[in-house]
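Residue numbers (full-length UniProt numbering): 1 to 126.
Accompanying notes for the structure given below.
Rendered as structure tokens:
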């Protein structure tokens, strides 16, 4: 499920916008990052299983004041015809069957025995 997360960030310059976008893009599961709003102070993140709390926390740490405005679910629209899906499935099946695997033999088992001398020398200083 994709989520759309909107975070209001205190952005004063272009460098801060770039920094905020880089921080948001590094989060796991993010598919797109945009800057929106009247003052270009809203960071909009869309992605699968994006943790909104950790995103806001990392923006607060590295950029400054950040407030989580909204988290909403994005509805996906299906615009692809079914013919292209069938072609993609056939191409994927053909590419999967072309892989060859090589099985290496297992390493031999080696046993070691420690031999102790039953009559040690009487000299304790070597």
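Heads up, the beta-carbon is just placed ideally off N, CA and C, and yes, glycines get one too.
Being a predicted model, the structure only gives us computed values, none of them experimental.
So, is residue 130 buried or exposed, given that buried needs 16 or more other C-beta atoms within 10 angstroms? There is simply no residue 130 to check, as the chain begins at 1 and stops at 126 in what is shown.
Please tell me whether residue 21 and residue 5 are closer than 8 Å, where the distance is taken between their beta carbons. No, the pair does not count as a contact, with Cβ atoms beyond the cut-off.
Which value, in whole angstroms, describes the spacing of the CA atoms of residue 71 and residue 103? Those two C-alpha atoms are separated by around 49 Å.
Of the choices 111, 10, 31, 109, whose alpha-carbon is the least far from that of residue 49? Answer by Cα proximity: 31.
In whole angstroms, give me the CA-to-CA distance for residue 61 and residue 111. C-alpha separation (whole angstroms): 56 Å.
Is it buried or exposed for residue 26, if we count other Cβ within 10 angstroms and need 16 for buried? Residue 26 is exposed by the Cβ-count criterion.
Residue 23 classed as buried or exposed, judged by whether at least 16 other C-beta atoms fall within 10 angstroms: Buried, since its Cβ has 16 or more Cβ neighbours within 10 Å.
Can you list, in chain order, the residues of its chain whose CB lies under 6 Å from that of residue 15, leaving out five sequence neighbours each side? Contacts found: none.
According to the neighbour-count rule (16 or more other Cβ atoms, all chains shown, within 10 Å of its Cβ), is residue 109 buried or exposed? Under this definition residue 109 is an exposed residue.
Could you check what DSSP says for residue 75 in three-state terms: helix, strand or coil? Residue 75 falls in the coil class under three-state DSSP.
Three-state secondary structure assigned by DSSP to residue 107: Looking at residue 107 - three-state DSSP - the assignment turns out to be coil, as it is neither helix nor strand.
Quick check: residue 9 and residue 43, are their CB atoms within less than 8 Å of each other? Contact flag set, yes.
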